[in-house]
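Residue numbers (the working numbering), protein chains in the order written: chain W, 1 to 208; chain V, 209 to 416. These notes concern the structure reproduced below.
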């Protein structure tokens, strides 16, 4: 769930500090998508942002610090999971958002994933953002249980969400397949069928 | 399906050319797992392999050439998909192989995925290897259809295989989760339940 990374809504009304942060993070996003992690430098970011290099060094310290803050800014966005009225619809909409973020040319989401292979700090920040987003999405499963779509109270929401979204990441990021417009819906429906058949049930002893 | 990359069975009996290739590719694997893609250099490989630099440059040209040949060597291995007698058992065994290759510390498979974000050549070679491996695994689905496990002749084998294996890659490579010993079996069983419920059916008009 990387789509919020593409927005720039960390520009809250605020003083000079907030404005400088917005300029610098915009520059990081632009540099990352243009040149990738290997081309990301403190100097390049300062120049593009029109901010003193000393300010960038003092506040973000190094490239890892810039990456962490770009990811943190994505987490500050007021993102809401889809609410279409059915689990299949919700997962399809979620997968469509994910697919859009991954097929963008260039894709900031993919650039950040690439960067996280080279920066422990960025990897930790990205893992945390994903953990938060999957936790937010658990409501999709809770709503489906309330609607009686899953026929059980004992569904492991996170496993279900990973199963639904993983094929998108695998196909687009690792297998580098051409985008398949049917995949968001197909992956969602396969997961709903599996869930209805009890695939993500938590065993009794685990749920107590 | 990256597990064969960890072996060194490209050492076929052969002359000096084959021996030098084996030495150089062993050195590439060792350097990659030790220092990652960023630390991989022609000089480092030549030194570790005990082969003249000029030979390495002449035959592999650049780091991209070395990566492509390491991936090609993995494709030359006589890898066979599991054959346990059931689709669920086969997919579980396959996922266990994948999980092992991804949790290895250091993991050559993960190092190659990281490298493929920085080398177009490596990315193409890796995509080709994965395409071949998934094609090899289609026999798992064909056998399941013959055994009557799926109740239909019209199952899209590749989609099923992607659904079964994607959660492993997503959890281990992108989400950097701790290895979950239950995941290989859980992901396999969820996919079998989805398949039995018709999730990967090819629509009539598409299969004609």
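Ideal Cβ placement from N, Cα and C applies to all residues, glycine included.
- Under the three-state reduction of DSSP, residue 55/W is assigned to helix.
- Taking one beta carbon from each stretch, the stretch 163-182 of chain W and the stretch 120-127 of chain W have fewer than 3 pairs nearer than 8 Å; the two do not touch.
- The stretch 258-274 of chain V and the stretch 303-312 of chain V do not touch, with fewer than three beta-carbon pairs separated by less than 8 Å.
- Under the Cβ distance rule, residue 233/V does not count among the residues neighbouring chain W, no pair being separated by less than 8 Å.
- Inclusion of residue 144/W and residue 405/V in the CB contact set at 8 Å is not warranted, their separation being larger than that value.
- Residue pairing for residue 363/V: DSSP places it in a beta bridge opposite 409/V.
- Taken in chain order, the whole alpha helix (DSSP H) runs of length 4 or more contained in the stretch 235-297 of chain V are 250-257, 261-268, 271-283.
- Assignment of residue 337/V by DSSP, reduced to helix, strand and coil, places it in the helix class.
- Approximately 28 Å separates the beta-carbon atoms of residue 299/V and residue 237/V; this is outside 8 Å, ruling out the contact.
- At a C-beta separation below 8 Å, residue 389/V has no neighbours in chain W, since its nearest C-beta there lies roughly 14 Å away.
- The alpha carbon of residue 345/V has as its nearest neighbour, out of 356/V, 366/V, 332/V, 334/V, the alpha carbon of 366/V.
- Listed along the chain, the chain W residues whose CB falls inside 7 Å of the CB of residue 275/V amount to none; the nearest CB is some 14 Å away.
- Residue-level contact check: residue 184/W does not touch chain V, since none of the beta carbons of chain V fall below 8 Å from its beta carbon.
- Proximity to residue 283/V across 251/V, 341/V, 407/V peaks at 341/V, based on C-alpha coordinates.
- For the stretch 36-58 of chain W, the beta-carbon criterion of a distance under 7 Å to any beta-carbon of chain V is satisfied by 38.
- Taking 8 Å as the cut-off, the Cβ atoms of residue 231/V and residue 252/V do not count as close.
- The three-state secondary structure of residue 387/V, taken from DSSP, is coil.
- Proximity of chain V to residue 130/W at the Cβ level (cut-off 7 Å) is accounted for by 383, in chain order.
- Residue 31/W has its alpha-carbon roughly 9 Å from the corresponding atom of residue 41/W.
- In this model, residue 245/V and residue 347/V are separated by some 34 Å (Cα to Cα).
- For chain W, the residues of the stretch 351-375 of chain V that bring a beta carbon within less than 8 Å of one of its beta carbons are 367, 370, 371, 373, 374, 375, in chain order.
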